[in-house]
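So the number in my numbering is just where the residue sits in the sequence shown, counting from 1, plus 67. A virtual CB, placed ideally from N, CA and C, is assigned to each residue, including glycine. What follows is a short report on a single structure.
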Amino acid sequence: MNKNFYKVLMAAMLLMGGNCVANAQLQGLINRGKQALKNEVKKEAKKEAKDQALNAIAQLGKESSFTSNGHTYTMKGTLNIKTYNPAGTGIVTFTNVPSNFEEFEEVYTKFLGTTPYGTAAMMPMAMAIYGRDRAEGEKCIRLINYPSNVNSVLSQLKEKFGTSQYAPENDSYHQPYLPAAVLEGATPQNAYTPKYPYTVNMRASVNKHQDMQLYDGRVMYIYMMGKGWDTEQRSVEIIQVDEGDLFKVFNCPSLYTQCKKIKGTWGGLK
């Protein structure tokens, strides 16, 4: 409430207890108090409308793009590490999976790694590279993941992408198409063939940000959307140790959890 209104109200109360001031003066103070209250209500209404408008604009985000090795990457979103926005979103598109570690590193350090949703979107890229070349893929995974998460990712991908006498190539446990399961348009029914350019859609998790004292950083939770599972939202945890640092993937088990069995033959990603 407006401080002036409280002053007017206090004065009116004092006058009500006195006998030396005319009723007209009292009524005048009360009227001014009412007007002050109306003005305050209008001011609050305008502020609320402005906040709603700004929030609507913020939801659109600002699209930016980056080109490396002839491949184009774009991102747009409102998910940020400072404040929790339950309506926050993130969209990352790319024309190709990075051709090698050098391109992957450049995209990460100069572009996508500067935002939490950009970093999250690089996990399926790293997984796809690992599927093509174990050594190159491992370097990519180590680059964007927090140290405590690296071994878990590598051990799981080794099982999902590798074949053995226990899991031959035609075994449903062997799933080299996992990276495509979180790309827009990819479903088991269409052999996990995503729309092009490839798009990763993300939104805020129901879990709010947490300051992790043990790891000396702040973690935020992001849902990566994909049709490869009954629960289409895949939870990815992103950490930033110090403000201004590149983001890292802190935890992401749902990205390599076995997805629905493919119907047909996966064509791979560009």
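Check	Outcome
Work out the CA separation of H241 and S231 for me, nearest whole Å.	Confidence in S231 is poor, its pLDDT being 49 and thus under 50, which makes the residue's placement too unreliable to answer from.
Note down the Cα distance separating L146 from Q300, rounded to an integer number of angstroms.	16 Å
Where does S272 land, buried or exposed, given buried means 16+ other C-beta within 10 angstroms?	buried
Closest to D309 by C-alpha separation, out of M269, C326, I148 and Y288, would be which residue?	I148
Out of curiosity, what's the CA-to-CA distance linking T266 and M279?	31 Å
Leaving out five residues before and five after P255 in sequence, what residues of the same chain have Cβ atoms less than 8 Å from its Cβ?	K294, G295, C326, K327, K328, I329 and K330
In three-state DSSP terms, what is F161?	strand
Measure the C-alpha to C-alpha separation of Y184 and F178 and round it to an integer number of angstroms.	11 Å
Could you check if T150 is buried or exposed, using at least 16 other CB atoms within 10 Å of its CB as the buried criterion?	exposed
Quick check: what's the CA-CA separation for F161 versus A188?	10 Å
What do you get for Q307, buried or exposed, if any count of 16 or more other CB atoms within 10 angstroms of its CB means buried?	buried
Helix, strand or coil for G137, going by three-state DSSP, please let me know.	coil
How many angstroms separate the CA atom of Q119 from the CA atom of T156?	Any reading at Q119 needs caution, since the residue's pLDDT is 48, under 50, leaving its predicted position unreliable; the model's value is listed next. Roughly 17 Å separates the two Cα atoms.
State buried or exposed for K129, treating a residue as buried only when at least 16 other CB atoms are found within 10 Å of its CB.	exposed
Given a threshold of 16 other Cβ atoms within 10 Å of its Cβ, counted over all protein chains shown, does K227 qualify as buried or as exposed?	buried
Measure the alpha-carbon distance for A347 versus L245 and round it to whole angstroms.	Outside the shown range of the chain, which is 68 to 337, sits residue 347, and nothing can be said about it.
Would you kindly work out how many angstroms separate the C-alpha atoms of E304 and V316, rounded to a whole number?	6 Å
Can you list, in chain order, the residues of its chain whose CB lies under 6 Å from that of K337, leaving out five sequence neighbours each side?	N163
Can you tell me the Cβ-Cβ gap for I158 and G180, rounded? I've got them flagged as a contact below 8 Å.	Not a contact, Cβ separation roughly 16 Å.
What does a CB cutoff of less than 6 Å around E170 pick up in its chain, not counting 5 residues either side in sequence?	S135 and N136
Taking only the alpha-carbon atoms, compute the straight-line gap between L212 and H138 and give it to the nearest angstrom.	Here residue 212 is Asn; the residue named in the question, Leu, does not match the sequence. So the alpha carbons of these two residues sit roughly 23 Å apart.
Can you tell me whether N216 is buried or exposed, with buried defined as 16 or more other CB within 10 angstroms of its CB?	buried
Note down the Cα distance separating Y175 from S132, rounded to an integer number of angstroms.	13 Å
Spatial neighbours of I208 within its chain, please: CB distance less than 7 Å, with the 5 preceding and 5 following residues excluded, ordered by chain position.	A193, Y197, V217, V220 and L221
On a CA-only basis, which of A253, E203 and N274 is nearest P264? Give me that one, please.	A253
Measure how close the beta-carbons of C167 and E203 come, nearest whole angstrom, since I'm counting them as under 8 Å.	Note that residue 167 is Asn in the sequence shown here, rather than Cys. With a Cβ gap of about 6 Å, N167 and E203 count as contacting.
Leaving out the 5 sequence neighbours to the left and right, which residues in its chain are closer than 7 Å to N268 when beta-carbon positions are compared?	I158, E251 and M292
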